[in-house]
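>
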Amino acid sequence: MKSPVYFDYAATTPVDPRVLEAMLPYFSENFGNPSSVHRLGQRAEAVLETARETISSALNCRADEVIFTSCGSESDNLALRGTAFAQREKTGANWILCSRAEHPAVSKTAMQLEKLHGFQVEWLDVDETGMVTPAALEKAVCDKTALVSVMAANNEFGTVNPIPELAAICRAQGIPFHSDAVQAAAYLDVNVQRLGVDLLSLGAHKFYGPKGVGALYVRKGMGLIPHLTGGGQEFGLRAGTQNIPLIVGLAESLRLAVAERGARTAHLRPLRDKIIGSVLESVSGSRLTGHLESRLPNHASFVFKNADGNLLLQLLDATGFACSSGSACKTGNPEPSEAVTSLGFSRDWALGSLRVTLGASTAPADVENFLQTLPGLVEKARVLKFG
Ligand SMILES: *Cc1c(COP(=O)(O)O)cnc(C)c1O
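Numbered per our numbering, the sequence shown spans residues 250 to 636.
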């Protein structure tokens, strides 16, 4: 059987060969600990700081505002925990505002801060396109708000939020604003000055970098309280010997993402639009999830009424297409995704979700074959469920 067509770039991406090549020397030749005093350590330290500068020029910030972490999830955790505790200490504020469609790395962290640490979470509704509107945020913030977290682009339904407008509302009231850009960084502007954010999360494996490494932009003066204590690495905000090869991979993959953003978008956007147009036309009882225009250029996502989304994924896999449902749930989980439900879809729609995300290896012929195959499989996923 030929290898499946990969339509799940929002879940993860393969490491770009150029990125892998940049990483290789730091596993065994140039392996020093950047905190060591000797020459081998100093060489590692120089590599670490070069990587930090590469990231800071992509983000348009100072090098000492970039904190390396072990993944996008850890970046979100450090942003929320570090800010929540620091703000409560400074001002007594104990409300956390975050959108209903956040990734679990944000939403579960907020829930734990509420359950175990005395914070209160207010969930910001999204509109039917999955967007957090400036009006909704304006109404929700108050002098008890310790922090606001709204993702730049949604992983499940692709909607891009108006981050500059949202951040400006918080800035005007002196409230720290965090944005999870783990999904967005592959295609969208990550200039933190233009975005106006105080904290921004990145994860390398969503833009052709390695898994297990991320970064958090922390605006100078935020005074975060570290959640991983120990040595003084990362300006005292994240203890642990830095993983130099992975950090080099993160820096190189982000550099390439910024340099090639236009070309990557130009390749994928027409293919995405073709999928959206064709699916809505050829599959009865289908709806787009997320925003039609303000969405990631590689991201198409749908719900199919009265279809079993997990079954559809299995049928697609058996036919040679690796897709995902809107949710991160494993096969067999009977609950619809909270992010898709937050769009207002009832259970009979939300259970039939499909996410098709494109990337470097996507060819027009793959899209063509997929569009030929899908309508029949959706019908099958309906018949088998209700027949
Ligand atoms: C993938 C993802 C994460 C988690 O990143 P990891 O590096 O896998 O921990 C967080 N937020 C969003 C929006 C994501 O897409």
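Ideal Cβ positions, reconstructed from N, Cα and C, are used throughout, including at glycine.
What residues in its chain sit with their C-beta under 7 Å from that of residue 627, if we drop five residues either side in the sequence?
Excluding sequence neighbours, residue 627 sits near 532, 553, 556 and 561.
> Mind listing which residues have their beta carbon within less than 5 Å of any non-hydrogen atom of ligand 1? Chain order is fine.
This criterion selects 320, 321, 322, 352, 354, 404, 429, 431, 432 and 452.
> Start and end of the beta strand (DSSP E) containing residue 525?
First-last for residue 525: 510 to 531, but that is the alpha helix (DSSP H), not the beta strand (DSSP E).
> Is it true that the stretch 433 to 449 meets the stretch 486 to 495, where meeting means three or more beta-carbon pairs spaced less than 8 Å apart?
no
> Residue range of the alpha helix (DSSP H) that residue 337 falls in?
321 to 340
> If I'm right that residue 307 touches residue 399 with Cβ under 8 Å, what's the distance once you round it to whole angstroms?
Actually they do not touch by this definition, with Cβ atoms about 21 Å apart.
> Please report the residue range of the alpha helix (DSSP H) in which residue 441 lies.
441 to 444
> Helix, strand or coil: which one does DSSP assign to residue 351?
coil
> Counting along the chain, where does the alpha helix (DSSP H) carrying residue 288 start and finish?
Its alpha helix (DSSP H) spans residues 288 to 308.
> Using only the alpha-carbon positions, how far apart do residue 375 and residue 549 sit?
19 Å
> Using the beta-carbon count (16 or more within 10 Å), is residue 540 buried or exposed?
Result: buried.
> DSSP state of residue 361, grouped into three classes?
helix
> Taking buried to mean at least 16 other C-beta atoms within 10 Å of its own C-beta, is residue 482 buried or exposed?
Of the residues assessed, residue 482 falls on the buried side of the cut-off, its CB having 16 or more other CB atoms within 10 angstroms.
> In the structure shown, what three-state DSSP assignment does residue 422 receive?
helix
> For residue 463, report the span of its beta strand (DSSP E) as first-last.
463 to 467
> List the endpoints of the continuous alpha helix (DSSP H) containing residue 268.
266 to 272
> Along the chain, where does the alpha helix (DSSP H) containing residue 564 start, and where does it finish?
558 to 568
> Looking at residue 303 and residue 430, is the spacing between their C-beta atoms short of 8 Å?
no
> Give the C-beta separation of residue 345 and residue 333 to the nearest angstrom, bearing in mind that I take them to be a contact with Cβ-Cβ under 8 Å.
6 Å
> Indicate the three-state DSSP secondary structure (helix, strand or coil) for residue 551 in the structure shown.
Strand.
> Residues in the same chain with beta-carbon distance under 7 Å from residue 564, minus the five sequence neighbours each way, listed in chain order, please.
Answer for residue 564: 626, 629 and 630, listed in chain order.
> Report all residues from its chain with a CB closer than 6 Å to the CB of residue 289; omit the five preceding and five following residues, and keep chain order.
281
> For the beta strand (DSSP E) containing residue 536, list its first residue and its last residue.
535 to 537
> Is the separation between the beta-carbon of residue 246 and that of residue 296 shorter than 8 Å?
It is not possible to answer for residue 246, since the shown part of the chain is limited to 250 through 636.
> Straight-line CA distance for residue 272 to residue 458?
10 Å
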